[in-house]
Amino acid sequence: LMANQNEQNFTRLLNIRDVAIKHFIDSLMVTKLMDLQFPLLDMGTGPGFPGIPLKVHYPDQEIVLAEGVQRRVEFLKQVREKMGLQKLKIIGRNVNPEFFYPVNGVITRAVEDARNTLGNVINCVQTGGEVVLMKGPNCGPEIQPALDQWGEYFELSKDIEYEIPKSPHERRLLVFKKLKPAPLPDFEALDLQWEKEFGAGVD
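This note's numbering applies: residue 652 is where the sequence shown begins, and numbers increase by one.
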């Protein structure tokens, strides 16, 4: 990550200790706080957080990295090859309501608000699956608007506050459980979308 930082500008953090704490340790904190569901989609993974550390922690589980910026996609492929990571799929596109790759769990550190995130994953996370939002401590105002719009399909199942070890940084996990399927999409259009996007986009 740091070797490619000057060229790729992957992170605003330039200190190795800060990178270790705010990226790697924070990515793995979720494993101490809850059980994740797999296959797991890391939505908007950027240079691979939290997906790559989670893949190392769960080597036998399938994890899918979705990222819309091509230079980051190429970096992720290089990391996968150099680390010899198995059951790690990389999808070079953003996640939106037309994203229909079926998973049982979604996790993201992206800054998008909870309402938009739930709308974007509604057709890929399966019933009974969970959407894990890794947030800052002041994300409370996002909860009710998300439930107002998507409460028919999701419930807030967990709201966990925590601190990153050996740091003053506070974090919060919002976990939404999928209650039932969303209305079926136009399957003819979906097949075309799948062929166009996933046929060449899944690696």
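Backbone N, C-alpha and C fix where the C-beta goes; we use that ideal spot for every residue, glycine too.
Note that the coordinates shown come from a computational prediction; the quantities given were computed from them, not determined experimentally.
Inter-residue spacing [alpha-carbon to alpha-carbon] between residue i and residue j
i      : j      : result
Leu679 : Gly791 : 22 Å
Ile676 : Thr696 : 16 Å
Lys828 : Ala797 : 12 Å
Ala765 : Ile794 : 7 Å
Arg722 : Glu732 : 16 Å
Leu835 : Pro698 : 33 Å
Asp711 : Lys738 : 7 Å
Gly719 : Val782 : 19 Å
Cut-off 8 Å between Cβ atoms - residues of its own chain near residue i, not counting five sequence neighbours on either side
i      : result
Gly770 : Pro748, Gln800, Trp801
His708 : Leu679, Thr682
For residue i: DSSP bridge partner residues
i      : result
Ile703 : Per DSSP, none; premise fails for Ile703.
Lys809 : Val826
Gly756 : Leu691, Glu781
Val715 : Leu692, Lys740
Beta-carbon proximity of residue i to residue j, cut-off 8 Å
i      : j      : result
Ala717 : Leu691 : no
Asp810 : Ile741 : no
Leu736 : Leu784 : no
Val724 : Gly743 : yes
Asn774 : Phe751 : yes
Gly756 : Leu807 : no
Val746 : Gln777 : no
Val826 : Met685 : yes
Ala761 : Tyr804 : no
Beta-carbon contacts of residue i that lie in its chain and below 6 Å, excluding the five residues immediately before and after
i      : result
Met653 : Low confidence applies to Met653: its pLDDT is 42, below 50, so where it sits in the model is not reliable enough to give any reading.
Glu821 : Pro788, Glu814
Pro704 : Phe675, Ser678, Leu679
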